[in-house]
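Protein chains: 2
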Amino acid sequence: MKWDDLAREPCSVARSLAVIGDRWTLMILRDVFLGVRRFEAFQARLGISRSIVTERLNLLVAEGVLERRPYQDRPVRHEYRLTDKGLDLHPVIMALVDWGDRHYAGAVGPPILRRHKGCGCDFHAVQVCSECGEPVTARDVEARPGPGVAPEAKPVA
Amino acid sequence: MKWDDLAREPCSVARSLAVIGDRWTLMILRDVFLGVRRFEAFQARLGISRSIVTERLNLLVAEGVLERRPYQDRPVRHEYRLTDKGLDLHPVIMALVDWGDRHYAGAVGPPILRRHKGCGCDFHAVQVCSECGEPVTARDVEARPGPGVAPEAKPVA
DNA sequence: CTACTCCGTTCATTATCTGAACTTAGGTTC
DNA sequence: GAACCTAAGTTCAGATAATGAACGGAGTAG
Numbered sequence: 001m002k003w004d005d006l007a008r009e010p011c012s013v014a015r016s017l018a019v020i021g022d023r024w025t026l027m028i029l030r031d032v033f034l035g036v037r038r039f040e041a042f043q044a045r046l047g048i049s050r051s052i053v054t055e056r057l058n059l060l061v062a063e064g065v066l067e068r069r070p071y072q073d074r075p076v077r078h079e080y081r082l083t084d085k086g087l088d089l090h091p092v093i094m095a096l097v098d099w100g101d102r103h104y105a106g107a108v109g110p111p112i113l114r115r116h117k118g119c120g121c122d123f124h125a126v127q128v129c130s131e132c133g134e135p136v137t138a139r140d141v142e143a144r145p146g147p148g149v150a151p152e153a154k155p156v157a
Numbered sequence: 001m002k003w004d005d006l007a008r009e010p011c012s013v014a015r016s017l018a019v020i021g022d023r024w025t026l027m028i029l030r031d032v033f034l035g036v037r038r039f040e041a042f043q044a045r046l047g048i049s050r051s052i053v054t055e056r057l058n059l060l061v062a063e064g065v066l067e068r069r070p071y072q073d074r075p076v077r078h079e080y081r082l083t084d085k086g087l088d089l090h091p092v093i094m095a096l097v098d099w100g101d102r103h104y105a106g107a108v109g110p111p112i113l114r115r116h117k118g119c120g121c122d123f124h125a126v127q128v129c130s131e132c133g134e135p136v137t138a139r140d141v142e143a144r145p146g147p148g149v150a151p152e153a154k155p156v157a
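Taken in sequence, the protein lines are chains A and B. Going by my numbering, 73 is the number at position 73 of the first sequence; the sequence numbering is gapless. Going by my numbering, 58 is the number at position 58 of the second sequence; the sequence numbering is gapless.
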């Protein structure tokens, strides 16, 4: 399978990865969620090829994850901001942070603390069932083919 | 920055991506969570180069995400199973599924339905604060440098 | 003996990424 | 008003990684 075929797979993971599954795209999104908005900043922070930054940003804009909007005239300069669709990626980033915090932080503790504005506590994300509100782990989930036709959906791990 | 440098970044997202951020690694993990365990199955389902399957599985085993264990002697054949560390990746996969379901499923509906064994309902994952239990969105989070030293942690989105 | 299965490895071709220079359009310093 | 600066790209030769196809090895089935 080629990378481009992912978008046509009957699988939501594959379709998501077709957009954000690229090597650097998620790093760019991390920065966007931290408030980085400009081309130069992405390039400098990540230290990757400028052409890659261009390409990834263009893809994210084309997919409606980011919005390219001018922040000044003369000369016209643009910044990249999360759309609502882009903000929906927050759980993905949070899940990555949590996994990294748990398994790679070491004794020192995590490099970034996240405070929940609602309660004022430092926290990590817990995934709960949308219906009953109970926490969900891998073993609590049973996958089966849905209306959009799935590739063999067997039980979980 | 080179891809290998990611693991040394003071950022949990970067460290996570150093392990699972590869093009095909997350697709392999998707399959593992669906119950796929064998080399041939990964290769056949993904249709990617066998050398890539080898390399990715080896990396995931080396990182302790998967465990390679014999499931028969003569000839010795191995299967790949999630370790506890691997099971911890479930929220990442779930978040990707949810995003794909929401933005790429179309009118037909999602390709896979997930039922919560606890309550018996089809569900999607909701992220809540580990401390107060309230749902968390991007705007509810305030990031700041932690003990592990962070790169400039500015407010979110 | 031949065919088949599972799990890999090897390697030439092809695709992708990098790093450095260049462009465009205007601003700042002196 | 020449020299330099910034932000946001583009271009392209060379390095790196992925692909697809063939090959190997270790056993089983007939």
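Glycine residues also receive a C-beta, built at the ideal position from the N, C-alpha and C atoms.
Separation of residue j from residue i, as counted between CA atoms
| i | j | result |
| --- | --- | --- |
| B:Asp84 | B:Val92 | 14 Å |
| B:Thr54 | B:Ile48 | 11 Å |
| B:Asp98 | B:Arg74 | 42 Å |
| B:Arg102 | A:Leu6 | 17 Å |
| B:Ala157 | B:Glu142 | The pLDDT assigned to B:Ala157 is 43, lower than 50, so where the model puts this residue is not dependable, and the model offers no usable value. |
| A:His78 | A:Leu59 | 16 Å |
| A:Pro147 | B:Glu9 | 42 Å |
| A:Lys2 | A:Lys117 | 42 Å |
| A:Phe39 | A:Arg45 | 10 Å |
| B:Ser12 | B:Tyr71 | 34 Å |
| A:Cys132 | B:Arg50 | 42 Å |
| A:Val32 | B:Gln43 | 34 Å |
Whether residue i touches residue j by CB criterion (8 Å)
| i | j | result |
| --- | --- | --- |
| B:Arg23 | A:Gly21 | yes |
| B:Ala138 | A:Leu87 | yes |
| A:Arg56 | A:Glu67 | no |
| B:Ala18 | A:Ala95 | no |
| A:Val76 | B:Pro111 | no |
| A:Arg144 | B:Arg69 | no |
| B:Gly63 | A:Cys119 | What sits at residue 63 of chain B in the sequence shown is Glu, not Gly. No, the pair does not count as a contact, with Cβ atoms beyond the cut-off. |
| A:Val65 | A:Leu34 | no |
Residue i (DSSP reduced to helix, strand or coil)
| i | result |
| --- | --- |
| B:His124 | coil |
| A:Trp3 | helix |
| B:Ile48 | coil |
| B:Glu40 | helix |
| B:Pro91 | helix |
| A:Val141 | strand |
| A:Leu34 | coil |
| B:Glu55 | helix |
Residue environment, residue i, which counts as buried when at least 16 other CB atoms sit within 10 Å
| i | result |
| --- | --- |
| B:Asp234 | Nothing about residue 234 of chain B can be read from this structure; chain B reaches only from 1 to 157. |
| A:Gly109 | exposed |
| B:Gly100 | buried |
| B:Lys154 | In this prediction, B:Lys154 has a pLDDT of 48, which is less than 50 and means its spatial position is unreliable; what the coordinates show is noted afterwards. Exposed is the call here. |
| A:Cys129 | buried |
| B:Ala14 | buried |
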